[in-house]
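Colleague: One line per chain: the protein sequences are P and C, in this order.
Convert by adding 45 to the 1-based position in the first sequence; the result is the number in my numbering.
Convert by adding 8 to the 1-based position in the second sequence; the result is the number in my numbering.
For each residue, glycine too, the CB sits at the ideal point set by N, CA and C.
Just so it is clear, the structure is predicted and the values come from calculations on it, not from any experiment.
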Amino acid sequence: MLSALEGSQAVARAVGLCRPGVVAAYPITPQTHIVENISKLVADGQLQCELVSVESEFSAASVALGAAAAGTRAYTASSSQGILLMGEVLYNISGLRVPMVLTCANRALGAPLNIWNDQQDSMAVRDAGWIQLYCADNQEAVDTTIQAFRIAEHTEVPVMVCVDGFVLTHTLEPIDLPTQEQVDRFLPPYRFERALDSRHPLSLGTCVDPLFFTESRHSQHKALLRSMQEIVAADSDYAGIIGRSCGGVLSVFGSAEAEIAILAMGSVCSTLQEGMQIFSQERVVKLIKLRAYRPFPVSALREVLQGVRELVVLERALAPGSGGIVGMEVRSLATTMNSPPRIHNYAVGLGGRDVPIEIYPRLIEAVTCATEPVWFEIFDVEVERLPIEDR
Amino acid sequence: MIEIRIHGRGGQGNVVAAYLLASAAFEVGRYCQAFPNFGAERRGAPVMAFVRLDVRPILRRSQVRTPAFLIIQDPGLLNVAGVLDGLQERGGVLVNSSRSSEELSHQTGKTVVSFAATHLAMQITGKPLANVALLSAFASLTGLLPREALVKALSSRFKEDVLAKNLKLVDMIADRVPSKSWKEIADALST
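Written as C-alpha cells, this is what we have:
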C-alpha cells in the first residue's frame, strides 16, 4: 500500500523489514534520518535489533563488520566525509568477503564544506570492492535496500545502496513498502558459512603474503563480476514476490532505435525521464539508467549502446585532473565496439546545484551541434564568477 | 501540476509544513512530492521548501522555480531578493503578517492574502509557529485539501495535546481567509 513517506524514513523501514541483527551508526552529521528512524523502530519495540551508537564512522563500519563476521545481518548508513572515514574498513569488509549492507546518502566531499547532494563520496570508494547500486527514486531505494541484503548474502560481497542525499533522502513522496510476509519470503533467515564461532574457531583477516595476495585479489574481482547474475536474479525474484522490478543492472527508456542516448545514475534519471516526455518534439533519444556501477555491466551496456551515434554520459562527481569517472569507463568500453558512439561527458549538479528539467533539451542540442566530442566539461559552470586565472 | 514554494526561517517548521501539505494532498488521492532546500543548518537562516501536487506520478526532482503559490512564513522575507521570483502570473502569495492583504498586494504587485498566523498560533497552541495555520489557510483558499485530509496528515505527525491544539487552530483559520478564492487556478493546474 502506498504511503506518503520521507525517503530516509522509508529506507529505515525497509531495513527493519529485513530483520537486521545489528545496526551500527555514527548518529551525527553527515548522517541522515535513516538511523534515527531505525533507532525509533527499535525503541518502539517494532524491531528486535541491537543498535550500536558509536563515536565515528570508522567504528560504525567496524562494529557492523564484526557483527556480520559473527554471522548476523548487519547494516550501517553514512554519507560524504563519513564514507571517507569508513574507507579503510570498507576495503576490509569486502576483502574479508563479509556480506553486509550500507546506505550511502550521496553527498559532496569537502573542502569547500558542502552538505548537499552529488556522488563524489561513493565514487571515492568505487574501487573498495563493494557492489554499488544507484537509485533513481525512493521506491527504488526501498526495493534496492531489501534486494541488497539478499545479493550480499548470496555473493558474500557487501552492497552499498547509493541514494541521492536530500534529493531523495529528504523528499516525501508516495512509497510502497512491501509487507513483512513478502520480505520474509524474499529474504529468509541468513546463515553465514564462515561465521566466527568459538566452538568452531577460524581466523578472519590473516596476513596474506605475496604468495597468495594476487590470487585473493583475483578471487575478489571474479566474485564482483559474478555478482552481476545475482543482482539480476534478486531483482527478478523480488518482482515475482513483490511485483516490482528495478531493472536489474540497467534500464532503458525511450526508443531502442534512438541514435542519441543519455547515460546517468541516480535521481537525475527521473528528471531526465520527464524531460523526455515534455520535450518529445526534440530528437529521438533513449535514456540509459545505470543501476549497477560496481560490478560495471560491460556486456549489458555494450548491447544497449549498439546503434547509438551520440552518447551523453552525465556524472555527479569528477576526477580532478582527469575528467569524468563514469565517462572514463564508458569510453574504455566503447573502444571494444565495432562502431562506437561519440561520447560527450558532463558533470552536473555538483554540491547540490539544481538540475533543472531544461537540462534535457540543452544537452540534446549541445551534442547534436557538437563538431567534436566533449571530452569532459562541468555543465553550467559560471566561469565569469571566477578570477581570470582560474577560468 | 501545482507547484508551491514555502519560504521561512530555520526553526519555523518550513519542512514540516511542506511534508504536511504533501501528505494531506496524498490523502485525497494526489501524487505528491515535498522536499527542503536547506541553507546553513541554523535557526533564523532563510530556508525554502518545495511541494508538487499532481494527478500523475511526479518525476522531476528539480527545485520549484515557477510556483503557482508562495507561502511566506516570515513577512521580513518579502524584502529579500528572489523570494517572489518565478511566481506564475495568476499565482497567489500567502503571507504570515499583521499587515493587510491590500497593503501587501500593493507593495509586491502580486495577489497577496495576509493574516497574522503567528499571533493566532500563539493564542491557541502557545507556540509561535505559524506553519499549521498557514497550511489551513492554504487549504481553505485553494479548496484542495478537505478538513479530513488535514486531520489525517496532522495525526500522522502530532499526538494528543499538540494534535488537539493544532486541529483547533485548523478550524479557527478556515474562515479567516477568503475561502476558495484560489480554487480556480488550483483546479486549472490539476488537470
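According to DSSP, simplified to helix, strand and coil, what is Lys188 (chain C)?
Modeller: Here Lys188 (chain C) sits in coil by DSSP.
Colleague: Could you give the first and the last residue of the continuous beta strand (DSSP E) run that contains Glu417 (chain P)?
Modeller: Segment: none, Glu417 (chain P) is in no beta strand (DSSP E) and carries neither H nor E.
Colleague: Can you grab the Cα-Cα spacing for the pair Ala30 (chain C) / Asp166 (chain P), in whole Å?
Modeller: Approximately 30 Å, taken between the alpha carbons.
Colleague: I need the straight-line Cα distance from Phe443 (chain P) to Leu332 (chain P), nearest angstrom please.
Modeller: What is shown of chain P runs 46 to 436, which leaves residue 443 (chain P) out entirely.
Colleague: In angstroms, rounded to a whole number, what distance separates the CA positions of Glu434 (chain P) and Glu51 (chain P)?
Modeller: Cα to Cα, Glu434 (chain P) sits roughly 44 Å from Glu51 (chain P).
Colleague: Evaluate Cys63 (chain P) with the Cβ neighbour count: other Cβ atoms within 10 Å of its Cβ, from every protein chain shown; 16 or more gives buried, anything less gives exposed.
Modeller: Looking at its Cβ environment, which holds 16 or more other Cβ atoms inside 10 Å, Cys63 (chain P) is buried.
Colleague: Taking the alpha-carbon positions, what's the Ser281 (chain P) to Gln184 (chain P) distance?
Modeller: Approximately 16 Å, taken between the alpha carbons.
Colleague: In chain order, which continuous runs of the alpha helix (DSSP H) of length 4 or greater are located wholly inside the stretch 181-242 of chain P?
Modeller: Fully enclosed alpha helix (DSSP H) runs of 4 or longer: 183-200 and 225-231.
Colleague: Rounded C-beta distance between Tyr71 (chain P) and Ala105 (chain P)? I'm assuming under 8 Å.
Modeller: Right, the Cβ-Cβ distance comes to about 5 Å (below 8 Å), so this counts as a contact.
Colleague: With a CB to CB cut of under 7 Å and the five nearest residues on each side skipped, what residues in its chain are close to Thr150 (chain C)?
Modeller: Once the five neighbours on either side are set aside, the close Cβ partners of Thr150 (chain C) are Trp190, Lys191 and Ala194.
Colleague: Mind checking who Arg13 (chain C) pairs with in its DSSP beta bridge?
Modeller: Answer is C:Phe58 and C:Leu78, bridged to Arg13 (chain C).
Colleague: Which residues of the stretch 25-46 of chain C have a Cβ closer than 7 Å to any Cβ of chain P? Give them in chain order.
Modeller: Those residues of the stretch 25-46 of chain C that come within reach of chain P (Cβ to Cβ, closer than 7 Å) are Tyr27, Ala30, Ser31, Phe34, Tyr39, Cys40, Gln41, Ala42, Phe43 and Pro44.
Colleague: Using 9 Å as the limit for Cβ to Cβ distance, is Val159 (chain C) near chain P?
Modeller: Output row for Val159 (chain C): interface = no.
Colleague: At a cut of 8 Å, does the stretch 112-130 of chain P reach the stretch 65-79 of chain P through at least three beta carbon pairs?
Modeller: The stretch 112-130 of chain P, when compared against the stretch 65-79 of chain P, does touch it at the 8 Å Cβ threshold.
Colleague: DSSP puts Ile333 (chain P) in a beta bridge; with which residues?
Modeller: Paired residues: P:Val297 and P:Leu308.
Colleague: Closer than 9 Å, CB to CB, is Leu67 (chain C) near chain P or not?
Modeller: Taking Cβ atoms only, chain P reaches closer than 9 Å to Leu67 (chain C), which makes this a yes.
Colleague: Consider the Cβ of Ser198 (chain C): report whether some Cβ of chain P lies at a distance smaller than 9 Å.
Modeller: No, because no Cβ of chain P sits closer than 9 Å to the Cβ of Ser198 (chain C).
Colleague: Quick one: give me the first and last residue of the alpha helix (DSSP H) that Val375 (chain P) is part of.
Modeller: It spans Val371 to Ala379 - the alpha helix (DSSP H) in which Val375 (chain P) sits, taken as one unbroken run.
Colleague: Please report how far the alpha carbon of Ala76 (chain C) lies from the alpha carbon of Ile12 (chain C), in whole angstroms.
Modeller: Cα-Cα distance, rounded: 6 Å.
Colleague: On a Cα-Cα basis, can you pick out the residue from P:Ala193, P:Cys94, P:Tyr283 and P:Glu100 that is closest to Gly61 (chain P)?
Modeller: The shortest Cα separation from Gly61 (chain P) among P:Ala193, P:Cys94, P:Tyr283 and P:Glu100 belongs to P:Cys94.
Colleague: Please determine if the stretch 185-195 of chain P and the stretch 421-435 of chain P are in contact, where contact requires at least 3 C-beta pairs separated by less than 8 Å.
Modeller: They do not touch, by the three-pair rule.
Colleague: Say whether chain C places a C-beta atom closer than 9 Å to the C-beta of Asp163 (chain P).
Modeller: Taking Cβ atoms only, chain C never reaches closer than 9 Å to Asp163 (chain P), which makes this a no.
Colleague: Less than 8 Å between C-beta atoms, sequence neighbours within five positions excluded: which residues of the same chain meet that for Ser315 (chain P)?
Modeller: The answer, listed in chain order, is Ala181 and Asp182.
Colleague: Measuring alpha carbon to alpha carbon, tell me which residue in P:Val371, P:Leu378 and P:Pro340 is nearest Leu359 (chain P).
Modeller: Measuring from the Cα of Leu359 (chain P), the nearest candidate turns out to be P:Val371.
Colleague: For a test of the three-state rule: what should DSSP assign to Glu260 (chain P), helix, strand or coil?
Modeller: Helix.
Colleague: Excluding the 5 residues preceding and the 5 following Ser107 (chain P) in the sequence, name in chain order all residues of the same chain whose CB lies nearer than 6 Å to its CB.
Modeller: Excluding sequence neighbours, Ser107 (chain P) sits near Val134.
Colleague: Could you list which residues in chain P have their beta carbon closer than 7 Å to that of Ser70 (chain C), in chain order?
Modeller: Ordered by position in chain P, the residues that pass the 7 Å Cβ test against Ser70 (chain C) are Thr316, Asp399, Val400, Pro401 and Ile402.
Colleague: When the Cα atoms are used, what is the spatial distance from Gln71 (chain C) to Tyr235 (chain P)?
Modeller: Rounded to the nearest angstrom, the two C-alpha atoms are 42 Å apart.
Colleague: When Cβ atoms are compared, which residues of the stretch 194-227 of chain P fall closer than 9 Å to chain C?
Modeller: Going along the stretch 194-227 of chain P in chain order, one finds Asp209, Phe211, Val212, Leu213, His215, Thr216, Leu217, Glu218 and Pro219 with a Cβ nearer than 9 Å to chain C.
Colleague: For a test of the three-state rule: what should DSSP assign to Cys314 (chain P), helix, strand or coil?
Modeller: Note: Cys314 (chain P) maps to helix in three-state DSSP.
Colleague: Determine whether the beta carbon atoms of Ile14 (chain C) and Ala53 (chain C) lie at a separation below 9 Å.
Modeller: No; because the gap between Cβ atoms is not below 9 Å, this pair is not in contact.
Colleague: Using alpha carbons as the reference points, say which of P:Ala301, P:Gly116, P:Ser261 and P:Gly320 lies closest to Leu438 (chain P).
Modeller: With chain P represented from 46 up to 436, any question about residue 438 (chain P) goes unanswered, as that position is not in the structure.
Colleague: Excluding sequence positions up to five away, which residues of its chain have a Cβ less than 6 Å from the Cβ of Gln164 (chain P)?
Modeller: If we look at Gln164 (chain P) and ignore the five residues flanking it on each side, its Cβ neighbours are Asn151, Arg361 and Ala362.
Colleague: Excluding sequence positions up to five away, which residues of its chain have a Cβ less than 6 Å from the Cβ of Leu128 (chain C)?
Modeller: Excluding sequence neighbours, Leu128 (chain C) sits near Ala141.
Colleague: For the stretch 340-351 of chain P and the stretch 389-401 of chain P, state whether three or more C-beta atom pairs, one from each stretch, are separated by less than 8 Å.
Modeller: No: fewer than three Cβ pairs fall under 8 Å.
Colleague: Taking just the CA atoms, how far does Phe166 (chain C) sit from Val170 (chain P)?
Modeller: Each residue's Cα considered, the two are about 40 Å apart.
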